[in-house]
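Peer 1: Mind looking over this structure? Questions follow.
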Amino acid sequence: MSDVTAKATIAAYFKAFNAGDTDAMLACLADDIAHHVNEGRIRTGKAAFAEFCAHMARCYREELTDMVIFAAADGTRGAAEYTVNGTYLATDAGLPEANGQTYRLPAGSFFSLQDGKITRVTTYYNLADWVAQVSA
1006 MSDVTAKATI
1016 AAYFKAFNAG
1026 DTDAMLACLA
1036 DDIAHHVNEG
1046 RIRTGKAAFA
1056 EFCAHMARCY
1066 REELTDMVIF
1076 AAADGTRGAA
1086 EYTVNGTYLA
1096 TDAGLPEANG
1106 QTYRLPAGSF
1116 FSLQDGKITR
1126 VTTYYNLADW
1136 VAQVSA
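This is how it looks when you write it as structure tokens:
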């Protein structure tokens, strides 16, 4: 796999995210995907990933902008830096009450890839910044 293929796979993943198309996101993933969520437990497999996406769609509406995608020359690892533009739709357990607050956060994701599929995605953002924005 090349860096071009890795970048195209990551770009397709994020295009599907912005379209709210979980099935298209799942098509970019290996069956045994390891999903490392910011400040959460690791979820393994497409079913767990789809469940997470359904939860997120209920609580948040997000669009990722200012996307920059990087990939290793051999295409086995990649990263993306972007801005999360969101609306907090429904209260998520353990977090402040939702009432349609908007937020804007810098974030990043790291990827492992094999045979044209994402095998690991790890996402980072500043949770304290998000809490401050939705609590203001």
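For the record, in the sequence shown the residue sitting at position 78 is 1083 according to the numbering used here, with numbers rising by one throughout. From the three backbone atoms N, C-alpha and C, an ideal C-beta is built for every residue, glycine too.
Tell me the DSSP secondary structure of N1023 in three-state form.
Peer 2: Residue numbering aside, residue 1023 sits at position 18 when the sequence shown is read from its first letter. Reduced to three states, the DSSP call for N1023 is helix.
Peer 1: By a C-beta neighbour count over all protein chains shown, 10 Å radius and 16 as the cutoff for buried, is A1011 buried or exposed?
Peer 2: Position 6 of the sequence shown, counted from the first residue, corresponds to residue 1011. With 16 or more Cβ atoms within 10 Å of its Cβ, A1011 is classed as buried.
Peer 1: One question on the structure: do F1116 and I1047 come within less than 9 Å of each other, judged by their Cβ atoms?
Peer 2: If you number the sequence shown from 1, residue 1116 lands on position 111. If you number the sequence shown from 1, residue 1047 lands on position 42. It is not a contact, given that the beta carbons lie outside the stated cut-off.
Peer 1: From the DSSP output, read off the bridge partner residues of I1074.
Peer 2: Working through the sequence shown from its first residue, we reach residue 1074 at position 69. Partner(s): A1085.
Peer 1: Answer with buried or exposed for V1073, where buried requires no fewer than 16 other C-beta atoms within 10 angstroms of its C-beta.
Peer 2: For the purposes of this step, residue 1073 is taken as residue 68 along the sequence shown, with counting starting at 1. The residue is exposed, with fewer than 16 neighbouring Cβ atoms inside 10 Å.
Peer 1: Check this for me: beta carbons of F1075 and E1067, under 9 Å apart or not?
Peer 2: Position 70 of the sequence shown holds residue 1075. Position 62 of the sequence shown holds residue 1067. Result no, Cβ atoms of F1075 and E1067 do not sit closer than 9 Å.
Peer 1: Return the chain-ordered list of same chain residues with a C-beta closer than 7 Å to the C-beta of W1135, the five sequence neighbours on each side being excluded.
Peer 2: Position 130 of the sequence shown, counted from the start, is the residue given in the question as residue 1135. Same-chain partners within the cutoff: Y1108, L1110.
Peer 1: Check this for me: beta carbons of L1132 and E1044, under 9 Å apart or not?
Peer 2: Position 127 of the sequence shown, counted from the first residue, corresponds to residue 1132. Position 39 of the sequence shown, counted from the first residue, corresponds to residue 1044. Their beta carbons are under 9 Å apart, which means L1132 touches E1044 by this criterion.
Peer 1: Over the uninterrupted alpha helix (DSSP H) stretch that includes D1134, give me the two end residues.
Peer 2: To locate residue 1134, count along the sequence shown from 1; it is residue 129. Start and end: 1132 to 1140.
Peer 1: Nearest CA to the CA of E1102: which residue from A1137, T1127, G1080, L1118?
Peer 2: Within the sequence shown, the letter at position 97 stands for residue 1102. Comparing Cα positions, the closest option is A1137.
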